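First the structure, in the form of structure tokens, and then the observations on it.
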Amino acid sequence: MKILVLGCKGQLGRCLNDQLINTDHEVIYTSREQIDIADFEATKSKILEFSPDLIINATAYTAVDKAEEDQKTANLINHLAVKNIADICNQLECWLIHVSTDYVFDGNSKVPYKEDDRNQSSGCVWRN
Ligand SMILES: NC(=O)c1ccc[n+]([C@@H]2O[C@H](COP(=O)([O-])OP(=O)(O)OC[C@H]3O[C@@H](n4cnc5c(N)ncnc54)[C@H](OP(=O)(O)O)[C@@H]3O)[C@@H](O)[C@H]2O)c1
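If you're matching positions, the sequence shown starts at 16 in this note's numbering and goes up one per residue.
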């Protein structure tokens, strides 16, 4: 399987590198320098060029407090750019693993989360 890890220089990206190092799968790691997910067209053409079977998205805007003032960038990276990646995966018929956060889902559910689940973390206020 050909796996593309986006955001390889972050905490999750580096952990994935440690975990996937002994796999037989072909793994391609990209940082912001190779694929900036805010650039939708470049992201699309590079992903189509790699043509992976699975993308693991380890990119994120993680400055939680800063996101309150810079909602535009947070929305771009954590929402719109992820939708772009999902659309590309749909086109390629490729799997996408996108990691959530305990700021949204606290991990205490006894059943697997679904895409349309509402947030359950007690520290969060859901805004429609
Ligand atoms: N770390 C944890 O313990 C933990 C726990 C639960 C969930 N998570 C989730 O895992 C995901 C990753 O978290 P993390 O802790 O690994 O965050 P992180 O260390 O802040 O890493 C985020 C990575 O995303 C990259 N990035 C940001 N904007 C980008 C863009 N436009 N294009 C390409 N790359 C971009 C950053 O690159 P630059 O360095 O160039 O900015 C950075 O390497 C998040 O969704 C987070 O909620 C993490």
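Yeah, the Cβ is synthetic: ideal placement off N, Cα and C, and Gly gets one too.
Predicted, not measured: the structure shown is a model, and the values here were computed from it.
- Cβ atoms of ALA73 and GLY22 come within 8 Å of each other, at about 4 Å.
- Contact between the segment 16-32 and the segment 62-76 is present: three or more C-beta pairs spanning the two stretches fall below 8 Å.
- When distances are taken from the beta-carbon of ILE52 to the heavy atoms of ligand 1, the shortest one is below 6 Å.
- About 5 Å separates the CB atoms of ASN99 and PHE55; that is less than 8 Å, so the two are in contact.
- A direct Cα-Cα distance of roughly 14 Å separates LYS24 from ILE52.
- Set against 6 Å, the gap from the CB of VAL114 to the closest heavy atom of ligand 1 is smaller.
- In terms of CA proximity to GLU108, ILE62 leads the group ALA89, ILE62, THR88, GLU130.
- If you draw a 10 Å sphere on the C-beta of TYR44, you find 16 or more other C-beta atoms in it, and that means buried.
- Under DSSP, the beta-bridge partners assigned to VAL20 are TYR44, ILE71.
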